[in-house]
Every structure is written in structure tokens, then in C-alpha cells.
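When you line the first sequence up against this note's numbering, it's residues -2 to 534, in that order. Yeah, the Cβ is synthetic: ideal placement off N, Cα and C, and Gly gets one too. Right, one structure below, let's go through it.
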Amino acid sequence: MTAAANSPQTFSVTTPLYYVNGVPHVGSAYTTMAVDAVSRYHRLQGHPTLMITGTDEHGQKIERTAEARELSPQAHCDEIVGSFRDLWKQLNIQHDRFSRTTAPRHQAIVEAFYQRVEEQGDIYLGQQKGFYCVGCEEFKEERDLLENQHCPLHPNQKAEWRDEENYFFRLSKYQTQLEALYAENPDFIQPASRRNEVLSFVSQGLQDFSISRVNLDWGFPVPANPKHTLYVWFDALLGYVTALVDPEDEPTLDNALKQWWPISLHVIGKDILRFHAVYWPAMLMSAGLPMPGRVFGHGFLTKDGRKMGKSQGNTLDPVALVEEFGADAVRYYFLKEIEFGRDGDFARTRFINALNADLANDLGNLVNRTLNMAKRYCGQVVPPAGEFGDDHALKQLGVDLGDRVAKSYTNLAFSEACTSALALAQASNRFLDQQAPWTKYKEGDQKAVEEILYAVLESVRLVAYALSPIVPTISTAIYQQLGFEIDFNATEGIGQTAPYSLHGQWGALPVGQALLKPKPVFPKIEVPEPEGTGGKD
RNA sequence: GGCUCAGUAGCUCAGUGGUAGAGCAGGGGACUCAUAAGCCCUUUGUCGCGUGUUCAAAUCACGCCUGAGCCA
-2 MTAAANSPQT FSVTTPLYYV NGVPHVGSAY TTMAVDAVSR YHRLQGHPTL MITGTDEHGQ
58 KIERTAEARE LSPQAHCDEI VGSFRDLWKQ LNIQHDRFSR TTAPRHQAIV EAFYQRVEEQ
118 GDIYLGQQKG FYCVGCEEFK EERDLLENQH CPLHPNQKAE WRDEENYFFR LSKYQTQLEA
178 LYAENPDFIQ PASRRNEVLS FVSQGLQDFS ISRVNLDWGF PVPANPKHTL YVWFDALLGY
238 VTALVDPEDE PTLDNALKQW WPISLHVIGK DILRFHAVYW PAMLMSAGLP MPGRVFGHGF
298 LTKDGRKMGK SQGNTLDPVA LVEEFGADAV RYYFLKEIEF GRDGDFARTR FINALNADLA
358 NDLGNLVNRT LNMAKRYCGQ VVPPAGEFGD DHALKQLGVD LGDRVAKSYT NLAFSEACTS
418 ALALAQASNR FLDQQAPWTK YKEGDQKAVE EILYAVLESV RLVAYALSPI VPTISTAIYQ
478 QLGFEIDFNA TEGIGQTAPY SLHGQWGALP VGQALLKPKP VFPKIEVPEP EGTGGKD
């Protein structure tokens, strides 16, 4: 086992590789927005950052879905992959890599990895009997099935009886090592509630799991025996490794691992925790690779308090949502209103309320009123700062905002980051009303007006910067109105043009900088008609 | 069935021994730089139910109810 190749500052992070059974749902968007936000934060810090997303395209379920659509599996996948790419573009996701498990280079990595595991004696041929749910791509215990062998998660599909030869991975061998991993790295699985789940699962004893299927063509053949097709999860997890290979490099394990391994953080939905927190580390142990830094299992989304699902007719289309409200609104709602790690709900009125209150009223209007005053009272340039004591209402909050927010982003506490940033905007509104620069201006106290406006403009800047990983377009609009030529959506160099070490501090706004004409950065969302289906029953 | 977590104002949540808080929504007021916005004030709670421990419990213990999750 080699030492970690990447430096402590390097940050590599993944979303799951999404299963292309259908077009992306809002849960995938949620994970991806969170990963994008934390990646953007690390780029601001100037850390070498690699943000990985992609798609998982093999398995029986894909094969059958494609068949039902009268398409080849590859044609089906290509089409769905397109809809993922489109959505990420609409949501302003800055991924560095998009890993597809059907890529030929992925096969090379999978074979190399398989060989290492096999050389460890961790793969053997065995017999697998049981009911198989194609929906889950998993064998089920009979007691876990409903009547007539229907899977509870896929009640419209009957689990299929299988009695077949499968290759197995010797997971049982790694029980002790896994338990040591969890004990030595208490933060390996987050949040803590998820960690407890995994601990209790592992403590019950680990069984080897099957890593191949017969009667399935859509996947990679098992190298030692092409009659078998590699189990979709075994190949999907390795998509993270494939993603690390530079596009111009040969797809070898060495090339994959040289710069970005180990992955700093895997962000996943809680449904696939076991694969990432148990199977995946064991596979890596077998292959002799260093462990990833963290696995974070976030919560699920509901809509109007109910589970989402096509069969219930209760879905939330992320594409429609972005088209209606824009990327920043969607990003802000999910990252601010839901504590990352817990389950959360989407409700339209709550969505509109939150955005109007925070982005339009507290922040947007603050920017607007302040710039208007700077235009009117200070010749549309950043006025002289004057001297601020440490007891200054805004400076007091502003001086450590950068550090607090940094901590929040590191912990994936996006909601907390937003609340901290917003607190400065709210304090600024209060400050303006207390100081009433419009009155002081009429009284001819120009110096006081300038000091007040500088403090507020600087606060606004700091808030915009702190929120930029979450609402990059709004932050850019604010920054540009403040006279900066900085674009938080620029794909390169943001860590140099707007480094955290400078812009994350109080006082980075240059005196005399020319301001632009104020223009609303986030128009208030008008509610059409309160008519209709209220909470009556 | 076993284990875990949650149940606090209309909504989202904080509060882990000293008789309840925040944000949003709702109501009222003063102001005017502003996206009718911001500011100030403000209504509402058997803190899921019951029993117990304690001078004192939302907070501890036990039981129950409801919801969510894990148990390959």
C-alpha cells in the first residue's frame, strides 16, 4: 500500500455515478449541487480540485429498459447521458470529469483492478441461489419480499428466482480491517447517524458478495471467464478511479492514481451507503489502495411531505424547476433550507418564501439600496473607509465570517454557511436604518455617510463572496456592480483572481473603485394567485 | 421481530435539569436610500401521551403512541 499520492490540500470529490435508467431526478440534482458547492469553495481556497460526476450504465435493468424502448443499450445510455449533461449545464455545475462506465478506457481500469483483487485470492467461484430483484440489481432474502415474491421497493416487479454460478468477492476477509478503519477514522462515514448504521451492519458479520452475473450481456465480461458479466456495482464504483485518468493519458491504474488518489470525499444518497462505506473500502483494501477520506450520505427529499415517485404521481422535475426559477434559486433553496445529511422537503410556497425573504429582500434589496445611495451620495465610487473600531457593528461580524463559513463548507454544512452569511446582510439592513445615511446626507455630514456606506458595501461584498459557491451567478452580479471584473462562473483561476485569503477577509473592497449602476440581482418571485389547494381537509 | 433516530408556535427548526426560543408566514407602527423593500413592535405553544425520579423535567428513567431509517 502506497502513501497517499495527493497533497493534503488537494481536493477530489465525487457525486455518485448516476444510473441511467431514466432522466435525472431531483435527488441526483441535489447531490450534484452540493458537490459543486463544496468544489467551488475549495477552488476559491486555491486548492487543486477535481470534481467528478458521471453515469453508471451497465446492468440488467438498463438492458431491459433499452429493450422496452426498442433501442440498443448503448443508444439508450447515450440519450440519457445527454439529459444529465444538459441538466448539469443548466444548474451551473462545474465538473472536471464526467465518467461513463461504458467508456472503453473504463474497461481497462476495471480489468486491471480485477486482476489485483484476484491476485489477492479474493475472488472465487460459488453458487448463488435466491430471489433477484432487477429493480435493485440485488439478491433479496425471501423474508424481505412481499407476497408473491415482489420486492417492496419495486412492487410492480416480481423478484426472479436465480440459481447460478457467480464469482464472489471475499468481503468476509476484511471485516476486522473495516472495523479498524471506522474506529481509527471516526469521520470516515458522515453524518454520525449513518456511521452508526454501518457499524451495526458490519458488526453482524460480513458475507461475501457476488460480483458476476450470467444471462446478462450488458456489462464487462469477467476477465477470467467471459461467460460471466461483471456485476454492475463492482464496475460502477471503479468509475471513480477511471475518472482520475487524465484524458490524454493511457488508462492504467498507475495513471489513475498518480495525482488525485485517494478521493477526498464521496457524497452519496443514503440509499447507497453500504456500497460506499463497506464494499468499496474492502475492494480498495484488497487491491492495496489507500482509503478515501470521507463518505457522506445525505438525506432524501420529499415533496409536500410525501415520498416522491412516478407511481404516486408525486415527482419534482429539476429541469422544470430550473427553467422556471433559475439555477441559483434552486441551488439556494436545497442547500439553505435543508440541513445536509437530514431528509428535507420541497414545497412550492416554502421555496418562494425562502428565496424572496433571503435573496430578494434581505440581500438583493440591500445591494440595491446601498448602491443607489453610493451613486447618489458618493459619485458612484466606493467611498473612503474611515476608521472602524473593532466594536463596529458590521466589522465585528465581518472579520470572522470568512473563517466561520470556511468551516461550514468543510463540514458540508451549507445551511449554516448561508445563515452565517445572511446574518451579515441582515445586520447591514439594521445598521442602515439605525444610521440613516439619507438623513445625514441632508444634514451635510458627508464623512459619516461615506463611512456608513463603505461598511455596508464591504459587508455586501463579503456576503456575496461567502455565498458564491452556492449562488455563483448572483454573487457575480453583485461583484460586478461593486466594480470587480470577477466572474465566479469562470472555469479557471478563480483561486487566483478572487482568493479566499484576500476576499474572504473584511476590508477587501478597494476605496475609489468605480461602481456600476444598480440593477436588481434577484427579482422577487411574484406569487400568481393564492387560489387553490391550500391545506384544507 | 431486533436496533437507531425523530415527535417543541401555522411552517422549518434550535434548546439536554431551573417553569419555552429563532427564522419564515400572520398582525400593528414609524420611516423613505431601496426590489411595497428594510427597520421597530407583536399574536399563537396541554414542548407526542402516561407514570416515575427530583425542591425543580421539553431536558433524566420506564412504558406507550405516531413517523422515518437500518437489519446484505
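Residue(s) in a DSSP beta bridge with Phe147
Per the sequence shown, residue 147 should be read as His rather than Phe. DSSP output for His147 lists Lys155 as bridge partner(s).
Comparing alpha-carbon positions, which option in Leu450, Gln201, Ala221 and Phe206 lies nearest Gly123?
Looking at the Cα atoms, Phe206 is the closest of the given residues.
If you draw a straight line from the alpha carbon of Asp355 to that of Leu419, how long is it in whole angstroms?
Linking Asp355 to Leu419 through their CA atoms gives a straight-line distance of about 7 Å.
Hey, out of Cys130, Gly306, Val396 and Phe165, whose CA is closest to Glu157's CA?
Minimum Cα distance to Glu157 is reached at Cys130.
Span of the beta strand (DSSP E) around Gln124:
In the DSSP assignment, Gln124 falls within the unbroken beta strand (DSSP E) covering Ile120 to Cys130.
What number of angstroms, rounded off, separates the C-alpha of Cys375 from the C-alpha of Glu447?
Near 7 Å, if we compare the C-alpha coordinates of Glu447 and Cys375.
Helix, strand or coil: which one does DSSP assign to Ala433?
Coil at Ala433, not helix or strand.
With the cut-off set at 8 Å, would you say Arg94 and Leu41 are in Cβ contact?
No, these two residues do not count as a Cβ contact at 8 Å.
Unbroken alpha helix (DSSP H) runs of length 4 or more, entirely within the stretch 180 to 237: which are they?
Uninterrupted alpha helix (DSSP H) stretches at least 4 residues long and entirely within the stretch 180 to 237 occur at 189 to 200 and 229 to 234, given in chain order.
Test item: CB-CB of Leu175 and Val199 under 8 Å
In contact: Leu175 and Val199 (Cβ atoms closer than 8 Å).
Buried or exposed for Leu499, please, with buried defined as at least 16 other CB atoms from any protein chain shown within 10 angstroms of its CB.
With fewer than 16 other Cβ atoms within 10 Å, it is exposed.
Suppose you measure from the CA of Gln125 to the CA of Gln154; what does that come to, to the nearest Å?
For Gln125 and Gln154, the gap between their C-alpha atoms comes out near 21 Å.
Three-state secondary structure assigned by DSSP to Tyr15:
Correct three-state label for Tyr15: strand.
With 16 other CB atoms within 10 Å as the buried threshold, where does Lys533 fall?
Residue placement at Lys533 is flagged as unreliable, the pLDDT there being 28, under the threshold of 50; the coordinate-derived value follows with that caveat. Residue burial is scored here from C-beta neighbours: Lys533 has fewer than 16 other C-beta atoms within 10 angstroms and is therefore classed as exposed.
Which residues does DSSP list as the beta-bridge partners of Glu135?
The secondary-structure analysis by DSSP pairs Glu135 across a beta bridge with Cys130.
Could you check how far apart the C-beta atoms of Ala422 and Val468 are, in whole angstroms? I think they sit under 8 Å.
The C-beta distance from Ala422 to Val468 rounds to 12 Å, too long to meet the 8 Å contact threshold.
Considering only their Cβ atoms, is the gap separating Pro13 from Thr28 smaller than 8 Å?
Going by C-beta atoms, Thr28 is nearer than 8 Å to Pro13.
Can you tell me the Cα-Cα spacing of Arg347 and Met305, whole angstroms?
Roughly 17 Å separates the two Cα atoms.
Tell me, please, which residues DSSP counts as bridged to Gly266.
DSSP lists His295 as partners of Gly266.
Inspect the beta-carbon positions of Leu250 and Ala109 and report whether they are closer than 8 Å.
Taking 8 Å as the cut-off, the Cβ atoms of Leu250 and Ala109 count as close.
Is the stretch 510 to 519 touching the stretch 356 to 367 in the sense that three or more CB pairs, one from each, lie closer than 8 Å?
Three or more beta-carbon pairs separated by less than 8 Å link the stretch 356 to 367 to the stretch 510 to 519, which places the two stretches in contact.
What are the boundary residues of the alpha helix (DSSP H) that Leu318 is part of?
If you look at Leu318, you'll find it in the alpha helix (DSSP H) that goes Pro315 to Phe322.
Quick check on Val114: buried or exposed, where buried means 16 or more other Cβ atoms within 10 Å of its Cβ?
Taking all protein chains in view, the Cβ of Val114 is crowded by 16 or more other Cβ atoms within 10 Å, so the residue is classified as buried.
Apart from the five residues just before and just after Arg192, which ones in its own chain have a Cβ nearer than 6 Å to its Cβ?
Its chain contains Ile186 as the residues whose beta carbon lies nearer than 6 Å to that of Arg192, once the 5 sequence neighbours on both sides are disregarded; these appear in chain order.
What do you reckon, are the CB atoms on His579 and Thr11 nearer than 8 Å?
The question about residue 579 has no answer, for the chain in this structure spans -2 to 534.
Given 8 Å, three or more beta-carbon pairs between the stretch 462 to 476 and the stretch 312 to 331
They touch, by the three-pair rule.
Same chain, Cβ closer than 8 Å to Ala593, five either side skipped, listed in chain order:
Outside the displayed span of the chain (-2 to 534) sits residue 593, for which this structure offers no information.
CA nearest to the CA of Asn311, picked from Thr299, Ala317 and Leu318
Looking at the Cα atoms, Thr299 is the closest of the given residues.
Is Arg66 helix, strand or coil when you go by DSSP?
Coil.
Close beta carbons around Thr(-1), own chain, < 6 Å, minus the five adjacent residues each side:
Its pLDDT being 42, under 50, Thr(-1) is placed unreliably in this model, and the coordinates cannot settle the point.
Using only CA atoms, which one of Arg339, Asn89 and Val78 lies nearest to Val319?
Considering only alpha carbons, the answer is Asn89.
How many Å lie between Ala495 and Ala487 at the Cα?
Cα to Cα, Ala495 sits roughly 11 Å from Ala487.
Counterpart residues of Ser9 in DSSP-defined beta bridges:
In the DSSP output, where bridge partners are listed per residue, Ser9 has Leu47.
Using three-state DSSP, classify Phe343 as helix, strand or coil.
Residue state, collapsed to three classes: strand.
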